[in-house]
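Chains as they are written, first to last, in my numbering: chain A, 1 to 712; chain B, 1001 to 1071.
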């Protein structure tokens, strides 16, 4: 294929540039969903698949791959949700993955979602997909918002001018989705119709051409069935002509693996945008003049204000933690009234009661003081129960993070924080993954994939583990609740802030001494503020709950049993058997490590053991202490209270340092594995682990002595 | 003049863009190309917010410094 400045290639006539229809060796139809970030792709995907979806990874890279099966009313096909991207050039992993999927995997139809209120910019990607020559259907989403803004979008005209089918939809309400899927599915039928012109198959099919269900056996219509090579090529071209009549401009196409030059890319962009301008000019009437402020802009006047932006951001963060962790939600104790707990604390209380009730219910089934009783009641109920009772609070925290992302606040946060991050050599883009780290470090690290700069990505990966995840929150909940009941929310928020400070300082160190050079400048889209979509929120929350329960049922269950065994058995008087906890295997192992923590104020073996089990999963720290507390203080029976923790050897100052240490030392195994995968470097992973441990020790040491100095 | 000097509420045409590499590619794909009209919605300490082709883009000052605009 020629690739020269004077001779741009018209892909429309170049059959070799067109991927054939759906992969022949696939037994099910596959659709691909593609679109810009914030175009409502996830909402549509959820609408199309309901809960019939699973998440995997793209081969070779670690970009999340969401695959679902259509709900029966929408047809019978698999649907792949491609990452949200602005363009199909190959600057980010996600762009490369999407491009490769379309070319190599040959989805039967690509459904491109275009945001109605932002149609010009969104059509850029549409042009790039259309240029690949694949069967394409364009869905103009959020028609309701466009109507509300007074925009009139003539999709028929759009379709005529672009040369591909264009349908109006509103994914949130489901409006137009059936028609969209019929059109997408109908491609099969259309193939058949076109096919007829070159073969004698299926006479009169077009008479009832309105849905793919009409075809009993789509395989019959596969172009591959054509044995005659010439006929096949003819059929292929005519089929493409039918559903991808793309009328866009001629552009430079990359030849083999050689990418286009920068000038060619820019020239392509100019041509596409010139074409789009013409198309949009003829088919879209805006209700509002450019530059005129809409409601979203007015909100931004306040939210991104030069003076109010950062204080507002901190206020939002505080409110989130207050709702999740505060024992005194409305500040009533200041007036001498009984405190009302925050939703998070209230739910946690309910969960705790439920766990206690379950334990009390099954307790009579076992004979006390036998190993089975110990295993089930002390081990499993104590360990897994302690972890499970925090599920509601993790959900509340996760709910807020998802909500902020959904309404569009996260990108504002990145913009606001960008300038503040610059002096430390970081961009505001690092800030969003770091915020997500509050939920869980693993998806936060995966969110780094959207960063274009490899250096920034590596740095951010290194910093994410300092962001306190939901699992670490369980440790804070236990200790802050037990030792600082009156201002648990302030202590917990303080720990989160400490994590951020350490991360920022670490970023500065890395940028100053390891990766010298310019930080990638920030260019970020500010999506329109939107009311949260409950269905998506619910699905995200359900994912968290499922994941949490899975961990509680597997890794934490196993750790609890192991900890119980090691804390109940040992060698006494030369014989192996059940012993008092002070003589157990665990006490001996923990005692060997404990002196390392003595300068930090928690040089007791239960603390050491809890931290070691925390490698597996940070919730295990609490699980382990739950098991040990049952062993030490049988009579308390009320979980991890201050009395129980004191019996294990924790002091107030020591517990403060313990929280600080838990915040920063080695993240869990899953995080280490993710860091290894995402950075593709063992050395980088090891460096993070060692650095984290050293920083944790140093900061906890300082925290302990400060706590002592202020009289804790 | 350079874009970072533009005031909130003004409208300009991009006349030149001096960034290169991935930054340039990102600007291209977002429609920040020569000849395009942009509206400056707000300016702040962090950078500025533009309207281009109906979408809102936030640019840090460093990027805005590389773009030349005319009235």
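Backbone N, C-alpha and C define an ideal beta-carbon position, used for all residues, glycine too.
- One thing to note: residue 80 of chain A has its Cβ within 8 Å of the Cβ of residue 107 of chain A.
- At a cut-off of 8 Å between beta carbons, residue 1015 of chain B makes no contact with chain A.
- Scanning its chain for C-beta atoms nearer than 6 Å, with the 5 sequence neighbours on each side dropped, one finds around residue 1018 of chain B the residues 1066, in chain order.
- The beta-carbon of residue 356 of chain A is placed no less than 8 Å from the nearest beta-carbon of chain B.
- Between the alpha carbons of residue 1038 of chain B and residue 1032 of chain B lies a gap of roughly 8 Å.
- Taking one beta carbon from each stretch, the stretch 577 to 596 of chain A and the stretch 440 to 448 of chain A have fewer than 3 pairs nearer than 8 Å; the two do not touch.
- When DSSP states are grouped into helix, strand and coil, residue 85 of chain A belongs to the coil group.
- A Cβ of chain B is located within less than 8 Å of the beta carbon of residue 87 of chain A.
- For the stretch 397 to 424 of chain A, residues whose beta-carbon sits nearer than 9 Å to a beta-carbon of chain B comprise 411, 412, 414, 415, 416, 417, 418, 419, 420 and 422.
- Residue-level contact by beta carbon holds for residue 293 of chain A and chain B, with a gap shorter than 8 Å.
- When secondary structure is reduced to three states using DSSP, residue 142 of chain A falls in the coil class, being assigned neither helix nor strand.
- In this structure, the CA atom of residue 457 of chain A is about 6 Å from the CA atom of residue 451 of chain A.
- Listed along the chain, the chain A residues whose CB falls inside 7 Å of the CB of residue 1007 of chain B amount to none; the nearest CB is some 12 Å away.
- Residue burial annotation: residue 255 of chain A is exposed, with fewer than 16 other C-beta atoms found within 10 angstroms of its C-beta.
- At least one C-beta of chain B is nearer than 8 Å to the C-beta of residue 265 of chain A.
- Annotation for residue 1014 of chain B: the continuous beta strand (DSSP E) segment containing it runs 1011 to 1017.
- In the DSSP secondary-structure assignment, residue 1059 of chain B is bridged to A:523 and B:1048.
- At least 8 Å separates the CB of residue 530 of chain A from every CB of chain B.
- Per DSSP, the continuous beta strand (DSSP E) segment holding residue 1068 of chain B begins and ends at 1067 to 1070.
- With distances taken between CA atoms, residue 709 of chain A lies nearest to A:656 out of A:665, A:656 and A:676.
- Out of A:260, A:666 and A:531, the CA that lies nearest to the CA of residue 466 of chain A is found in A:666.
- If you check the CB distance, residue 109 of chain A and residue 45 of chain A do not come in under 8 Å.
- For residue 475 of chain A and residue 487 of chain A, the gap between their C-alpha atoms comes out near 16 Å.
- Taking 8 Å as the CB threshold, residue 1030 of chain B lines the interface with chain A.
- Taking the CA atoms as reference points, residue 643 of chain A sits about 19 Å from residue 609 of chain A.
- The residues 157 and 161, in chain order, have a CB closer than 7 Å to that of residue 282 of chain A in the same chain once the five nearest residues on each side in sequence are set aside.
- Take the alpha-carbon of residue 500 of chain A and the one of residue 439 of chain A: they are about 14 Å apart.
- With 16 or more other Cβ atoms inside 10 Å of its own Cβ, residue 629 of chain A counts as buried.
- Under the DSSP definition of a beta bridge, residue 37 of chain A lacks any partner.
- Residue range 555 to 568 is occupied by the alpha helix (DSSP H) that includes residue 558 of chain A, with no beta strand (DSSP E) assigned at that position.
- In the three-state reduction of the DSSP assignment, residue 117 of chain A falls in the helix class.
- Secondary structure at residue 577 of chain A: strand, using DSSP grouped into helix, strand and coil.
- Within chain A, the C-beta atoms nearer than 8 Å to that of residue 1027 of chain B come from 523, in chain order.
- Take residue 578 of chain A, set aside five residues on each side of it, and the residues of its chain with a beta-carbon closer than 7 Å to its own are 371, 568 and 569, in chain order.
- Only buried fits residue 397 of chain A, as 16 or more other CB atoms lie within 10 angstroms of its CB.
- Taken through DSSP and simplified to helix, strand or coil, residue 288 of chain A comes out as coil.
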